[in-house]
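Novice: Those sequence lines, one after another, are chains A and B.
The first sequence maps to residues 1 to 99 in the numbering used here.
The second sequence maps to residues 1001 to 1219 in the numbering used here.
Beta carbons are placed, not taken as given, at the ideal position from N, Cα and C, and that holds for glycine.
This structure is a prediction, so every number in the text was calculated from the model and none was measured.
Here's a structure for you.
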Amino acid sequence: MINPIENLNKTFDSRVRLGIMSTLMVNEKINFNDLKEVIEVTDGNLASHIKSLEENGYIKVNKGFIGRKTNTTYTITKAGEKAFQQHLWALEKMIKAMK
Amino acid sequence: MDERSRSLQELQHIKQMMERSSRFISLSSLSGISAGLCGLAGAWVAKKKIDCWQGVDCSGVSPVHSVIELLNYLLLVAIVTFVAAFIAAFIFTLYRSKKAGVSLWGSISLRLFWNISIPIVVGGFFLLRAMQLGQFELLAPGCLLFYGLGLVNAGKYTLREVTWLGYTEIVLGLISLWVTDYGLYFWGAGFGILHIVFGLVMWFRHERNIGTQSRTVPA
């Protein structure tokens, strides 16, 4: 039997990163403030986790404007979707294996 | 903590984040109940006037002299009822979202508002035209049907009870299509009683334990 723990994605170890990915799976795009509200974290904390997900190629950052104010939105990438689904699958396997 | 319960917790966290980010959950049960009371009051006032017009009983209302006068009066009652219900519902939900510390103006509530509005606005035009063509029997069923469609359409962006309420309104509306003599009773049941019932259901399911236990468990 393969070890399901190997399939768990280390990037999703953090609750904040997991939250960002879960949110983007069900929302086509979301802006910084809405994301902050859903996940309940500070600006700095959220920004650093977003950066690491972006570096992994899991999310895409789109810089835009509403009038003069910046409005940055985030979307999930194909790779991000795949990685997240694999992570879900690994979690499921783990629960089943330990019954 | 063993690996299995950790995985379970993680899945629950994922589910919660998905729900929280795609549903407007601060809808207050008091909004439903207050809207229901407005609906009942509106139906009662309308009933008194219609009774008077039909010569049954004119106590407490000024007599009506023409159909046009009656229709204008009923239209006024409908508008006042709608505005009162909307304002009351809005205030209670504003209060609840303030208490929960979430903004009422997020993209989710905008989506909710948009999705509920489409069937209702279209229905409004449809019924207005039906009135012009003299199809008064369609008013009560039409209100129930289009409102129900709006709720079902918007239900995926808020509490599940809204979807259930929508289906119930649709069923009631369909039945009333064939029982047009009792339109006002169906209208009162749909906009009055159902709102109150579903408001109570929402309260039991979501707000009863507020204070003793937080609705969203922070990580």
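#1: Whose C-alpha, out of A:60, A:68, A:41, is nearest the C-alpha of residue 77 (chain A)?
#2: Using the beta-carbon of each residue, which ones in chain B are nearer than 8 Å to residue 18 (chain A)?
#3: Is there a Cβ of chain B sitting closer than 8 Å to that of residue 91 (chain A), yes or no?
#4: What residue range does the alpha helix (DSSP H) around residue 1048 (chain B) cover?
#5: Who are the Cβ neighbours of residue 1045 (chain B) in its own chain at under 6 Å, not counting the five residues just before and after it?
#6: For the segment 1081–1106 of chain B, list every residue whose C-beta sits within 7 Å of some C-beta in chain A, in sequence order.
#7: In chain order, what residues of the same chain lie with their CB nearer than 6 Å to the CB of residue 46 (chain A), ignoring the 5 residues before and after it?
#8: Can you confirm whether the segment 1006–1023 of chain B touches the segment 1173–1185 of chain B when touching is taken to mean that 3 or more C-beta pairs between the two stretches lie within less than 8 Å?
#9: Would residue 1020 (chain B) count as contacting chain A if we go by Cβ distances under 8 Å?
#10: How would you label residue 1199 (chain B), buried or exposed, when you count the other beta carbons within 10 angstroms and need 16 or more for buried?
#11: For a contact meaning CB atoms closer than 8 Å, what does residue 76 (chain A) contact in chain B?
#12: For a contact meaning CB atoms closer than 7 Å, what does residue 48 (chain A) contact in chain B?
#13: Would you give the residue range spanned by the beta strand (DSSP E) that residue 59 (chain A) belongs to?
#14: Under 8 Å, Cβ to Cβ, is there at least one residue of chain B near residue 55 (chain A)?
#15: Give a yes or no on whether the minimum CB-CB distance between residue 66 (chain A) and chain B is below 8 Å.
#16: Looking at the unbroken beta strand (DSSP E) that takes in residue 39 (chain A), where does it start and where does it end?
Specialist: Short version:
#1: If we check each option's Cα against that of residue 77 (chain A), A:60 comes out closest.
#2: Result: 1010, 1013, 1014, 1017.
#3: Residue 91 (chain A) has a beta carbon lying within less than 8 Å of a beta carbon in chain B.
#4: For residue 1048 (chain B), the enclosing alpha helix (DSSP H) starts and ends at 1029–1053.
#5: Excluding residues within five positions, the ones whose Cβ falls inside 6 Å are 1077.
#6: Those residues of the segment 1081–1106 of chain B that come within reach of chain A (Cβ to Cβ, closer than 7 Å) are 1102, 1103, 1106.
#7: Closer than 6 Å at Cβ, skipping near neighbours: 36.
#8: The answer is no - the segment 1006–1023 of chain B does not touch the segment 1173–1185 of chain B, with fewer than three Cβ pairs under 8 Å.
#9: Cβ-Cβ to chain A under 8 Å: yes for residue 1020 (chain B).
#10: With a 10 Å radius around the Cβ and a threshold of 16 neighbouring Cβ atoms, residue 1199 (chain B) comes out buried.
#11: Counting only Cβ-Cβ distances below 8 Å, residue 76 (chain A) has no contacts in chain B at all, with the closest Cβ about 12 Å away.
#12: The contacting residues do not exist; residue 48 (chain A) stays about 16 Å from chain B at best.
#13: Here the beta strand (DSSP E) through residue 59 (chain A) covers 59–66.
#14: So no, residue 55 (chain A) is outside the interface.
#15: Taking Cβ atoms only, chain B never reaches closer than 8 Å to residue 66 (chain A), which makes this a no.
#16: Not the beta strand (DSSP E): residue 39 (chain A) falls in the alpha helix (DSSP H), residues 32–39.
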